[in-house]
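Student: One structure coming up, written as structure tokens, with questions to follow.
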Amino acid sequence: MRQALHRLTIETNGQGLTDITRHIRAWLAKEAAGTGLLTLWCRHTSASLIVQENADPDVCRDLEAFFRRLAPEAAPYRHRDEGPDDMPAHIKAALTQTQLSIPVEAGSLVLGTWQGIYLFEHRSAPHRREIVLHWLGE
Amino acid sequence: MRQALHRLTIETNGQGLTDITRHIRAWLAKEAAGTGLLTLWCRHTSASLIVQENADPDVCRDLEAFFRRLAPEAAPYRHRDEGPDDMPAHIKAALTQTQLSIPVEAGSLVLGTWQGIYLFEHRSAPHRREIVLHWLGE
Amino acid sequence: MRQALHRLTIETNGQGLTDITRHIRAWLAKEAAGTGLLTLWCRHTSASLIVQENADPDVCRDLEAFFRRLAPEAAPYRHRDEGPDDMPAHIKAALTQTQLSIPVEAGSLVLGTWQGIYLFEHRSAPHRREIVLHWLGE
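The structure is reproduced here in structure tokens:
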């Protein structure tokens, strides 16, 4: 049983979903991972992780729109110092995932056919985001 | 330290919660699991995992109703090709869990007295769903 | 590779967020944890875990207010026997986390600078809550 850690840096273009599945697969291949558990940790409270359909790009657009309606910038928040998009960002992060642990079988993530792993940027401006990858396996 | 993988297949009856705790316990017993970590991964983006009260069935009905109000079929989604229930299904999956990792102590899940593990089907029609179980422990 | 289990008990003061990060760090230090994976499991369905900003206390207040608006006590729930705050509590638990797995590098949680781990109490009355900590690492 072996462990490995990596910090994946993703540059975002403001609010929206970025598919990071290929970066994860590339690191597993570089580490010659066999069977084990891969944990992703997003080191932010205004960006998060989400598993979604990777087939129709409209699914991502609809998800972004849903979360904008659910946590609108115009709501009466106390926390306003970091801009009107910051508190909605914290809410959206709370409603999605900061962490995902994905079983890996003989080097392959056990994702379903239509599953992709996405970084969900909640701030309006582009940001540099860091995700820790932790491998534990054979 | 030992690993094991299994694919659990669940037949759903359309929208709603199915308690899968006994299937998980049965597999742990079959594997003679001791102390370790059990990870569940739902291989779908229109069904998900949820931990809920297993005492009053009305809790499950109220949860289903809450999510139907939160992500109604009648909202103006772009993604419509797979039916009016598909985009709400993706939203509900995003708001709940695709993955759960449960500590196991001497063969027993460390669930609270009233906790059950449920598969949450979000599509209207019955579906065959697959959950990967990954065991890592002694 | 080594495992350890612990039950952390937290006394809450009714609805709201309690920062439990220092309790987690204290246990890791006591266990002389090196590099590995720490899993937290909340043994309740009316309290949950959440990762949030630990800088401005207004973020916690805004989060609490958001979830109260999203799952109000006044909604037409069937499940009423345990009080008007119980069904909203189950909904809020479903929308946040029952479990978190955090990579640990050389004894330190890989949290971002502003990330704190919170127990989110959803019931109105103070409660005694139990969180299982599971360590797997070197």
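Residue numbers (our numbering), protein chains in the order written: chain A, 55 to 192; chain B, 55 to 192; chain C, 55 to 192.
Positions of the beta carbon are idealized from the N, C-alpha and C atoms, including for glycine.
(1) To which residues does DSSP link Val186 of chain C through a beta bridge?
(2) Looking at C-alpha atoms only, which residue of A:Glu118, A:Phe174 and A:Ile156 is the closest neighbour of Ile64 of chain A?
(3) Following the continuous alpha helix (DSSP H) through Ala80 of chain C, name the residue where it begins and the one where it ends.
(4) Of all Cβ atoms in chain C, is any one closer than 7 Å to the Cβ of His60 of chain A?
(5) Between the Cα of Ala148 of chain B and those of B:Ala101, B:Val158 and B:Arg76, spot the shortest distance and give me the residue it belongs to.
(6) Looking at the strands, I want to know which residues DSSP matches up with Gly70 of chain A.
(7) Return the Cβ separation of Arg61 of chain A and Glu184 of chain A in integer angstroms, given the expectation that the two are a contact with Cβ distance under 8 Å.
(8) Determine which residues of the segment 75-106 of chain B have a Cβ less than 8 Å from any Cβ of chain C, and write them out in chain order.
(9) Quick one: which chain A residues come within Cβ less than 7 Å of Ser155 of chain B?
(10) Check whether the segment 68-86 of chain C and the segment 100-120 of chain B touch, using three or more Cβ-Cβ pairs below 8 Å as the test.
(11) Could you check if Pro180 of chain A is buried or exposed, using at least 16 other CB atoms within 10 Å of its CB as the buried criterion?
(12) Is there a Cβ from chain C that is less than 7 Å from the Cβ of Met141 of chain B?
(13) State the start and end residues of the unbroken beta strand (DSSP E) segment that holds Ala101 of chain C.
(14) Flag this pair as yes or no: are the beta carbons of Gly88 of chain C and Gly166 of chain C separated by less than 7 Å?
(15) Can you tell me the Cα-Cα spacing of Asn67 of chain A and Lys146 of chain A, whole angstroms?
(16) Less than 7 Å separating the beta-carbons of Val164 of chain B and Trp95 of chain B?
(17) Taking the beta strand (DSSP E) that Val158 of chain C falls in, what are its first and last residues?
(18) Evaluate Pro157 of chain B with the Cβ neighbour count: other Cβ atoms within 10 Å of its Cβ, from every protein chain shown; 16 or more gives buried, anything less gives exposed.
Tutor: Let me lay it out:
(1) Indexing the third sequence from 1 puts residue 186 of chain C at position 132. Val186 of chain C pairs with C:Arg61 and C:Trp95.
(2) For the purposes of this step, residue 64 of chain A is identified with residue 10 of the first sequence, where counting begins at 1. Looking at the Cα atoms, A:Phe174 is the closest of the given residues.
(3) Numbered from its first residue, the third sequence carries residue 80 of chain C at position 26. From DSSP, the alpha helix (DSSP H) with Ala80 of chain C extends over Thr75 to Lys84.
(4) On the first sequence, position 6 is the one that residue 60 of chain A refers to. With 7 Å as the cut-off, His60 of chain A does not count as an interface residue toward chain C.
(5) Within the second sequence, numbered from 1, the residue matching residue 148 of chain B stands at position 94. The shortest C-alpha separation from Ala148 of chain B is found at B:Ala101.
(6) Position 16 of the first sequence, counting from 1, holds the residue named residue 70 of chain A. Per DSSP, A:Glu175.
(7) Within the first sequence, residue 61 of chain A is the residue found at index 7, counting from 1. Within the first sequence, residue 184 of chain A is the residue found at index 130, counting from 1. About 6 Å separates the two Cβ atoms, so the contact holds.
(8) Thr89, Gly90, Leu91, Ile104, Val105 and Gln106
(9) The residue labelled residue 155 of chain B in the question sits at position 101 within the second sequence. Going along chain A in sequence order, the residues near Ser155 of chain B (Cβ under 7 Å) are Ser155.
(10) no
(11) Here residue 180 of chain A refers to the residue found at position 126 of the first sequence. Burial call: exposed.
(12) As a first step, residue 141 of chain B must be located in the second sequence, where it is residue number 87. Not one chain C Cβ lies under 7 Å of Met141 of chain B.
(13) Start at 1 with the first residue of the third sequence, and residue 101 of chain C comes out as number 47. Note, Ala101 of chain C: beta strand (DSSP E), Ala101 to Glu107.
(14) Walking along the third sequence from the start, residue 88 of chain C turns up at place 34. Walking along the third sequence from the start, residue 166 of chain C turns up at place 112. Not closer than 7 Å, so no.
(15) Here the question's residue 67 of chain A lines up with position 13 in the first sequence. Here the question's residue 146 of chain A lines up with position 92 in the first sequence. Each residue's alpha carbon lies about 17 Å from the other.
(16) Position 110 of the second sequence, counting from 1, holds the residue named residue 164 of chain B. Position 41 of the second sequence, counting from 1, holds the residue named residue 95 of chain B. Going by C-beta atoms, Val164 of chain B is not nearer than 7 Å to Trp95 of chain B.
(17) Locating residue 158 of chain C in the third sequence gives position 104, counting from the first residue. Start and end: Gln153 to Glu159.
(18) By 1-based counting over the second sequence, the position of residue 157 of chain B is 103. The residue is buried, with at least 16 neighbouring Cβ atoms inside 10 Å.
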